[in-house]
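Remarks on the structure that follows.
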Amino acid sequence: MLSQETTVPDRDIQYSGKNVLPQWKIDWDQARALCRKGKIGQALVQYELLLQEKSTVDEARWEYASLLVREKRWQQAGKELDTLLVHDPGNRKYLLARARVSLQEGLTEQAIKQYGQLYEGRPAGADALEALTGLITALDKQGNKEAQLPLLEQLLLRKPGDLSLLKRTGSLSLELGQAGKTRDLLLKPLREHPDDVDLLRLLAHAEERLNNPGQAACFYQQLVALLPGDIQANSWLSKYYQALGNLEMALVHVRRQLKFDPGNADLILQAARLYDQMGRFGKALDYFYLYLELVPGNQDVIKQRNHTRKEMALNLIALVENRKVEQLWKDLQKMTSDREGVFQQLADWFREQDKQVELTEVLLLLYRQHPGDQQIYQELATLLEEQGRYNELEKL
């Protein structure tokens, strides 16, 4: 941006005439003095008076235009710069300022043309860097990504250590399907900045596109070490480890996501299924319970939960057969919050196997939890009577 120091000289106008000072000189000196005092609004008025009286003084018009740019009065600044360019169409200082104003006015095509003319006309000139940067900005505003990329690469030759520019170029390369270029650009900066999460993310994405999931996983692991709650990285890693059959690691990354998004039903269901696949049925039931609290009508998940209850129950049958029902009930409290569901599955299994003694023990414990349940009472009463356990029947 143009500044007061570079656009309005810190001195009065030199005048060699011996007669009374002309009004234009008084106005110009006054404009500069007001500018030096920071009274920009008043200075602009003085420049307007000066240009009404002496419209051909390009130096004064340039100072005026520069102040308009500084004050972001783009349209008015553009008109003054156009006037200057009529007088001196090859003036690069005027062209550069006009390109900047064109961009601010929303005249993107014009800005591209002007910046392009400046850069192509003198790519090694003192103002080439500003022209190139402006051209890239204008193309970005236009949405022309393909044209930006080679210019960003040229800018990198001028600013090879600019990390922000490296990331921008790498990101655009990736967006344009040039993942190999992204990797080539960013591997060296990562060695110099190993904790830069933007570099890690871009390189992980690049390796994904290059079909190198193992290398992508390395970058994602470094990323989550720095940002444990990164949802996208943890999500990718959980799927990656599931595909490898490493359920323990997949679960680690699902649980990390849940730590930062505990009410996410999809993540809860993923955790339930992973625990189930690992044979940790108690934890699986806990997560199925949480999921069904959020999505109570999902019949597929209800079936999965019931199947898990049955799997867990089958592992516990021997304890019931050895008359350790009370101990099993206590132990289950440490294993899952769904112990009633597991006991119901035990009851179902013993019914199917016609094991009446074991079924009775399970139902007795369930009835103590729900003493008013008539369905359990009726079944228990019949079983106790058939087994001649009248004392227990009387105590129901």
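Convert by adding 24 to the 1-based position in the sequence shown; the result is the number in this note's numbering. Glycine included, C-beta positions come from ideal geometry on N, C-alpha and C. Computed from a predicted model, the values in this text were never measured in an experiment.
Where T30 falls: helix, strand or coil (DSSP): Along the sequence shown, read from residue 1 onward, the residue named residue 30 stands at position 6. Unreliable positioning characterises T30 in this predicted model, as indicated by a pLDDT of 43, which lies under 50. The coordinate reading is nonetheless provided below. The answer is helix: DSSP assigns T30 an H, G or I state.
Whole-angstrom C-beta distance between G253 and R215, which should lie under 8 Å: For the purposes of this step, residue 215 is taken as the residue at position 191 of the sequence shown. For the purposes of this step, residue 253 is taken as the residue at position 229 of the sequence shown. For R215 against G253, the beta-carbon gap comes to about 26 Å, at or over 8 Å, which does not count as contact.
Coil, strand or helix - E409 by DSSP: Taking the first residue of the sequence shown as 1, we reach residue 409 at position 385. Here DSSP, grouped into helix, strand and coil, assigns E409 to helix.
Assigned exposure category for T406 - 16 Cβ within 10 Å defines buried: Along the sequence shown, read from residue 1 onward, the residue named residue 406 stands at position 382. A residue is called buried once 16 or more other Cβ atoms fall within 10 Å of its Cβ, and T406, having fewer, is exposed.
F374 beta carbon less than 7 Å from that of L437: Here the chain covers residues 25 to 420 and nothing more, so residue 437 does not appear.
Beta-carbon proximity check, A162 vs L198, cutoff 7 Å: Locating residue 162 in the sequence shown gives position 138, counting from the first residue. Locating residue 198 in the sequence shown gives position 174, counting from the first residue. With contacts defined by Cβ atoms closer than 7 Å, A162 and L198 do not form a contacting pair.
A1 to V81 span [Cα, whole Å]: Here the chain has residues from 25 to 420 only, and residue 1 is not among them.
First and last residue of the uninterrupted alpha helix (DSSP H) at E199: Numbered from its first residue, the sequence shown carries residue 199 at position 175. Element bounds for E199: L187 to E199.
Cα-Cα separation between E29 and R94, rounded to whole angstroms: Locating residue 29 in the sequence shown gives position 5, counting from the first residue. Locating residue 94 in the sequence shown gives position 70, counting from the first residue. Reliability of the predicted coordinates at E29 is poor, the pLDDT of 41 falling under 50, and the value obtained from them is presented with this limitation in mind. Rounded to whole angstroms, E29 and R94 show a C-alpha spacing of 12 Å.
Cβ-Cβ distance between K191 and D219 below 7 Å: Along the sequence shown, read from residue 1 onward, the residue named residue 191 stands at position 167. Along the sequence shown, read from residue 1 onward, the residue named residue 219 stands at position 195. The Cβ atoms of K191 and D219 do not sit closer than 7 Å to each other.
V248, DSSP secondary structure in three states: Counting from one through the sequence shown, the residue named residue 248 turns up at place 224. Helix at V248.
D51 beta carbon less than 7 Å from that of L74: Taking the first residue of the sequence shown as 1, we reach residue 74 at position 50. Taking the first residue of the sequence shown as 1, we reach residue 51 at position 27. Between L74 and D51, the C-beta gap is smaller than 7 Å, which places the two residues in contact.
For Q141 and R56, the rounded distance between their alpha carbons: As a position in the sequence shown, residue 56 is number 32, starting the count at 1. As a position in the sequence shown, residue 141 is number 117, starting the count at 1. Between the C-alpha atoms of R56 and Q141 there is a straight-line separation of about 32 Å.
Alpha helix (DSSP H) runs contained entirely in the segment 253-330, provided each spans 4 or more residues: For the segment 253-330, whole alpha helix (DSSP H) runs of length 4 or above, ordered along the chain, are 255-268, 271-284, 289-301 and 305-318.
Per-residue burial, E232 [other beta carbons within 10 Å of its own, 16 or more giving buried]: On the sequence shown, residue 232 is found 208 positions in, with the first residue counted as 1. Label assigned to E232: buried.
Residue burial classification, S90 (beta-carbon count within 10 angstroms, cutoff 16): The residue given as residue 90 occupies position 66 in the sequence shown. In this structure S90 is buried. Its beta-carbon is surrounded by 16 or more other beta-carbon atoms within 10 angstroms.
T161: CB within 6 Å of a non-hydrogen atom of the ligand MN: Absent from the structure shown: the ligand MN. Ligands present: none.
Between the CA atoms of E72 and Q54 - distance to the nearest angstrom: Working through the sequence shown from its first residue, we reach residue 54 at position 30. Working through the sequence shown from its first residue, we reach residue 72 at position 48. The alpha-carbon atoms of Q54 and E72 are separated by roughly 12 Å.
E409 versus Q301 - alpha carbon distance: Translated into the one-based positions of the sequence shown, residue 409 becomes position 385. Translated into the one-based positions of the sequence shown, residue 301 becomes position 277. So the two alpha carbons sit approximately 42 Å from each other.
Backbone CA spacing between I160 and A257 [nearest angstrom]: For the purposes of this step, residue 160 is taken as the residue at position 136 of the sequence shown. For the purposes of this step, residue 257 is taken as the residue at position 233 of the sequence shown. Taking C-alpha positions only, I160 is separated from A257 by approximately 31 Å.
Close Cβ partners of F243 (< 7 Å) along its chain, the five nearest in sequence each way excluded: Taking the sequence shown and counting its residues from 1, the one referred to as residue 243 is at position 219. Same-chain partners within the cutoff: L224, L227, A228 and E231.
Cβ neighbour criterion (16 or more within 10 Å) applied to E418: Along the sequence shown, one-based indexing puts residue 418 at 394. With fewer than 16 other Cβ atoms within 10 Å, it is exposed.
Beta-carbon contacts of D151 that lie in its chain and below 7 Å, excluding the five residues immediately before and after: Taking the sequence shown and counting its residues from 1, the one referred to as residue 151 is at position 127. Closer than 7 Å at the Cβ level, and outside the excluded window around D151, lie R116, L120 and L142.
Cutoff 8 Å; reference T157; Cβ partners in own chain excluding five residues on either side: Counting from one through the sequence shown, the residue named residue 157 turns up at place 133. These residues qualify, in order along the chain: L179.
Residue span of the alpha helix (DSSP H) that contains S126, given as start and end: Position 102 of the sequence shown, counted from the start, is the residue given in the question as residue 126. DSSP places S126 in the uninterrupted alpha helix (DSSP H) bounded by R116 to E129.
N415: first and last residue of the uninterrupted alpha helix (DSSP H) it sits in: Taking the first residue of the sequence shown as 1, we reach residue 415 at position 391. According to the DSSP assignment, N415 belongs to the alpha helix (DSSP H) that extends over Y414 to K419.
Exposure of L338, with buried meaning 16 or more beta-carbon neighbours within 10 Å: Indexing the sequence shown from 1 puts residue 338 at position 314. Counting Cβ neighbours within 10 Å, L338 comes out exposed, since fewer than 16 surround it.
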